[in-house]
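Visitor:
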RNA sequence: CGGGGCGUAGCGCAGUCUGGUUAGCGCGCAUGGUUCGGGACCAUGAGGUCGGAGGUUCAAAUCCUCUCGCCCCGACCA
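Numbering (the working numbering), first residue to last: 14 to 492.
#1: By Cβ distance below 6 Å, which residues in the same chain neighbour residue 480 in space, the five residues on each side in sequence not counted?
#2: Is the separation between the beta-carbon of residue 154 and that of residue 103 shorter than 7 Å?
#3: Residue 463 by DSSP, collapsed to three states: which one?
#4: Helix, strand or coil for residue 394 per DSSP?
#5: In terms of DSSP beta bridges, what is residue 173 paired with?
#6: Given that a residue counts as buried once 16 or more other Cβ atoms are within 10 Å of its Cβ, and exposed if not, what is residue 504?
#7: In chain order, which continuous runs of the alpha helix (DSSP H) of length 4 or greater are located wholly inside the stretch 213-260?
#8: From residue 33 to residue 383, what does the alpha carbon distance come to, in whole angstroms?
#9: If you count every other CB in all the chains shown that lies within 10 Å of the CB of residue 395, and 16 or more means buried, which is it?
#10: Under 7 Å, do residue 325 and residue 316 count as touching if we go by C-beta distance?
#11: Is the beta carbon of residue 279 closer than 7 Å to that of residue 227?
#12: Could you give the DSSP three-state label for residue 164: helix, strand or coil?
#13: Taking the alpha-carbon positions, what's the residue 423 to residue 242 distance?
#14: Which ranges does the beta strand (DSSP E) cover as unbroken runs of at least 3 residues, wholly within the stretch 353-432, from first to last along the chain?
#15: Would the beta-carbon of residue 505 fall within 7 Å of that of residue 460?
#16: Among 230, 60, 238 and 114, which has the Cα closest to the Cα of residue 28?
#17: Given residue 49, which residues of its chain have a CB within under 8 Å of its CB, disregarding the five upstream and five downstream residues?
#18: Run through DSSP, which three-state label would residue 338 get?
#19: Apart from the five residues just before and just after residue 101, which ones in its own chain have a Cβ nearer than 7 Å to its Cβ?
#20: Leaving out five residues on either side along the sequence, give the residues of the same chain with a beta carbon under 8 Å from the beta carbon of residue 209.
#21: Say yes only if the C-beta of residue 318 is nearer than 6 Å to one or more non-hydrogen atoms of the ligand FMN, and no if none qualify.
#22: Measure the alpha-carbon distance for residue 419 versus residue 433 and round it to whole angstroms.
#23: When the distance is taken between beta carbons, is residue 117 closer than 7 Å to residue 10?
#24: Give me the Cα-Cα distance between residue 236 and residue 408, rounded to the nearest whole angstrom.
#25: Can you check DSSP and say which residues form a bridge with residue 135?
#26: Looking at C-alpha atoms only, which residue of 179, 240, 211 and 163 is the closest neighbour of residue 188?
#27: Check each candidate in 130, 368 and 163 and name the one with the smallest Cα separation from residue 250.
#28: Looking only at C-alpha atoms, which of 297, 172 and 487 sits nearest to residue 438?
#29: State buried or exposed for residue 135, treating a residue as buried only when at least 16 other CB atoms are found within 10 Å of its CB.
#30: Can you tell me whether DSSP reads residue 150 as helix, strand or coil?
#31: The alpha helix (DSSP H) with residue 88 in it runs from where to where?
#32: Do you know offhand how far residue 207's Cα is from residue 183's?
#33: Taking the alpha helix (DSSP H) that residue 182 belongs to, which residues open and close that run?
#34: Pop quiz: residue 300 and residue 401 are said to be a contact at Cβ under 8 Å. What is the actual Cβ separation, rounded to whole angstroms?
#35: What residue range does the alpha helix (DSSP H) around residue 21 cover?
#36: List the DSSP bridge partners of residue 485.
Put into structure tokens, the structure is as follows:
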């Protein structure tokens with residue numbers, strides 16, 4: 014048991030913070046609610062960026078960069094948008110030693126400034142679709158910041174597209190939701206439920222919002238990414254118009270979709286244990302660490318270390334140059350070196366000691382299960398990647414089994430209250446209520462509608478209003 | 001914004017009520033030694049304008065006034 018980490022059973026919030034600290038992922042910044050992402054945390058973000066960016070480009074998107082500062086008047090052009098975001102905006106009022114004529118908002122999201130630019134770039138149906146993504150930082154002055162999950166400033170990507178037809182924009186919205194789902198499940202080993210948001214949980218200014226909802230290991234829900242169908246709302250606010258083939262002027266149909274550094278928080282809370290961070294192999298910047306071990310320092314440096322480097326070199330050829338590290342912290346005792354990698358979440362530890370030198374093998378220790386196995390030197394380039402994939406799958410399966418074991422169905426409001434109170438987790442129920450019903454349920458249970466899963470088309474009687482033909486919803490307490 | 005709590009070494013705290021020699025303790029850190037395959041131990045040592053400003057006093061971490069910041073609960077919010 015790690016002595017620097019509070020067990021999650023004792024205090025889940027503290028456990029989460031302890032894991033981050035022990036893994037040196039992030040630290041608090043001097044400004045309230047802001048965090049410093051440390052090198053090992055940033056490497057995880059880089060890993061996320063490179064894989065997602067590849068998937069965005071494969072689906073036809075390109076990257077661009079829009080400015081940090083947005084004229085205040087832009088936000089006010091879309092009524093719901095400004096109502097949703099104004100309270101949490103940071104505003105620049107002075108610059109160059111003078112008060113500005115118009116205050117500038119630090120972007121909480123970029124629909125407005127991008128809408129403004131799109132109106133200039135779009136004139137003909139031939140200019141559509143416009144498929145642009147940007148990687149950047151945004152600022153939302155939240156009341157309750159938590160590292161990675163909700164920080165005042167965070168890093169994210171926001172995709173913004175404009176289309177000629179409603180159908181095409183809706184198709185894009187769902188396509189990117191599916192890109193998110195695929196990335197989260199395949200790379201983060203995070204099972205998510207793709208679904209539609211309820212009225213009360215919709216993005217300010219959107220006609221529909223879709224989400225990927227995940228369950229954390231305390232059974233609470235976390236929204237890991239959203240994709241919005243914006244209809245013609247922003248096109249009207251910013252006059253994004255084009256002439257169709259018939260020569261008529263039409264408003265474009267737009268979408269936006271985003272995922273953020275919050276996903277790092279999701280990975281931490283989905284997989285890690287009381288010893289510290291556990292990273293899924295496909296996400297982990299360092300996938301395997303090789304530890305030369307011996308009390309005979311001469312032998313260590315002259316025989317074992319060169320062999321370790323040789324194995325590392327071969328393995329790098331398979332896994333990538335940054336994915337394998339040789340631990341040369343010989344001033345630490347083996348136990349301390351084990352723990353360091355354990356807490357950093359390195360998926361696989363390969364020990365090379367005197368026993369292994371004689372036998373011509375390495376001892377592999379899995380981070381997720383602590384299982385040990387011996388791998389012959391010649392087999393390392395094939396066995397290690399295989400073992401990493403086994404770990405990847407095991408993490409996903411474990412998280413999925415956990416979610417399924419903690420998902421229950423409620424037919425009545427009483428039943429829902431009891432389930433949320435006693436069991437927690439996800440509660441499915443047929444629901445056809447409106448915004449005020451959602452509010453009443455939240456006040457009574459602390460839970461919100463997470464989504465209406467797209468994969469489940471069953472309908473039934475609403476547990477709250479009694480209406481027929483209600484869609485199946487998932488309720489849960491959420492971050 | 002309302003209620004409660006806290007600022008003393010990198011971190012966690014004691015000392016403040018009842019002012020009094022060089023402000024302590026644990027962890028961590030540095031050096032040396034013994035250890036070493038799942039968080040060792042011994043010894044030595046470095047590290048502090050006690051959140052800030054002003055005041056009372058022979059004397060302030062301690063008492064008084066002002067001020068800044070942080071945390072928790074609520075409100076608000078994704």
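For every residue, glycine included, the Cβ atom is placed at its ideal position computed from N, Cα and C.
Guide: With the structure as the only source:
#1: Translated into positions along the first chain, residue 480 becomes position 467. Hits under 6 Å: 445.
#2: As a working mapping, residue 154 is identified with position 141 in the first chain. As a working mapping, residue 103 is identified with position 90 in the first chain. Using a Cβ distance threshold of 7 Å, residue 154 and residue 103 count as a contacting pair.
#3: If you number the first chain from 1, residue 463 lands on position 450. Reduced to three states, the DSSP call for residue 463 is strand.
#4: On the first chain, position 381 is the one that residue 394 refers to. Assigned with DSSP and collapsed to three states, residue 394 falls in helix.
#5: Counting from 1 along the first chain, the entry for residue 173 is found at position 160. Looking at the DSSP output, residue 173 bridges to 145 and 269.
#6: Given that the chain is displayed from residue 14 to residue 492, the structure contains no residue 504 and the question cannot be resolved.
#7: Segments of the alpha helix (DSSP H) lying fully in the stretch 213-260: 246-251.
#8: Indexing the first chain from 1 puts residue 33 at position 20. Indexing the first chain from 1 puts residue 383 at position 370. The C-alpha of residue 33 lies about 21 Å from the C-alpha of residue 383.
#9: The residue labelled residue 395 in the question sits at position 382 within the first chain. So residue 395 counts as exposed.
#10: Within the first chain, the letter at position 312 stands for residue 325. Within the first chain, the letter at position 303 stands for residue 316. The Cβ atoms of residue 325 and residue 316 lie no closer than 7 Å to each other.
#11: Stepping through the first chain from its first residue, residue 227 is reached at position 214. Stepping through the first chain from its first residue, residue 279 is reached at position 266. Yes, the pair counts as a contact, with Cβ atoms nearer than the cut-off.
#12: Position 151 of the first chain holds residue 164. Correct three-state label for residue 164: coil.
#13: By one-based count along the first chain, residue 423 stands at place 410. By one-based count along the first chain, residue 242 stands at place 229. Those two C-alpha atoms are separated by around 30 Å.
#14: For the beta strand (DSSP E) assignment, the uninterrupted runs of no fewer than 3 residues enclosed by the stretch 353-432 are, from N- to C-terminal side, 361-365, 374-379, 385-389 and 420-422.
#15: This structure does not reach residue 505, given that the chain is present from 14 up to 492, and the question cannot be answered.
#16: Reading the first chain from its first residue, position 15 is the one you call residue 28. When each option's Cα is compared against that of residue 28, the closest is 230.
#17: On the first chain, position 36 is the one that residue 49 refers to. Excluding positions up to five away in sequence, the list reads 39, 40, 41 and 42.
#18: If you number the first chain from 1, residue 338 lands on position 325. Reduced to three states, the DSSP call for residue 338 is strand.
#19: Here residue 101 refers to the residue found at position 88 when the first chain is read from its first residue. Around residue 101, the same chain offers 121, 153, 154 and 155 as residues with beta carbons nearer than 7 Å, after the five sequence neighbours per side are excluded.
#20: The residue labelled residue 209 in the question sits at position 196 within the first chain. Answer for residue 209: 221, 222, 223, 224, 464, 465 and 467, listed in chain order.
#21: With respect to the ligand FMN, the structure offers nothing, as it holds no ligand at all.
#22: For the purposes of this step, residue 419 is taken as the residue at position 406 of the first chain. For the purposes of this step, residue 433 is taken as the residue at position 420 of the first chain. Taking the straight line from one Cα to the other gives about 11 Å.
#23: Residue 10 lies beyond the range of the chain shown here (14 to 492); nothing can be said about it.
#24: By one-based count along the first chain, residue 236 stands at place 223. By one-based count along the first chain, residue 408 stands at place 395. Distance between the alpha carbons of residue 236 and residue 408: 19 Å.
#25: Within the first chain, the letter at position 122 stands for residue 135. Per DSSP, none; premise fails for residue 135.
#26: Taking the first chain and counting its residues from 1, one reaches residue 188 at position 175. With distances taken between Cα atoms, residue 188 lies closest to 240.
#27: Indexing the first chain from 1 puts residue 250 at position 237. Ranking 130, 368 and 163 by Cα distance to residue 250 puts 130 first.
#28: As a working note, residue 438 is residue 425 in the first chain. The candidate whose alpha carbon is nearest that of residue 438 is 487.
#29: In the first chain, counting from the first residue as 1, residue 135 sits at position 122. If you draw a 10 Å sphere on the C-beta of residue 135, you find 16 or more other C-beta atoms in it, and that means buried.
#30: Within the first chain, residue 150 is the residue found at index 137, counting from 1. Here residue 150 sits in strand by DSSP.
#31: Numbered from 1 along the first chain, position 75 holds the residue referred to as residue 88. In the DSSP assignment, residue 88 falls within the unbroken alpha helix (DSSP H) covering 85-88.
#32: By one-based count along the first chain, residue 207 stands at place 194. By one-based count along the first chain, residue 183 stands at place 170. When rounded, the distance between both Cα atoms is 15 Å.
#33: Along the first chain, one-based indexing puts residue 182 at 169. Per DSSP, residue 182 belongs to the alpha helix (DSSP H) from 179-199.
#34: On the first chain, residue 300 is found 287 positions in, with the first residue counted as 1. On the first chain, residue 401 is found 388 positions in, with the first residue counted as 1. With a contact defined as Cβ atoms closer than 8 Å, residue 300 and residue 401 qualify at about 6 Å.
#35: Sequence index remark: in the first chain, residue 21 carries index 8 (1-based). That residue, residue 21, is in no alpha helix (DSSP H); it is neither H nor E in DSSP.
#36: For the purposes of this step, residue 485 is taken as the residue at position 472 of the first chain. Secondary-structure assignment with DSSP links residue 485 through a beta bridge to 443.
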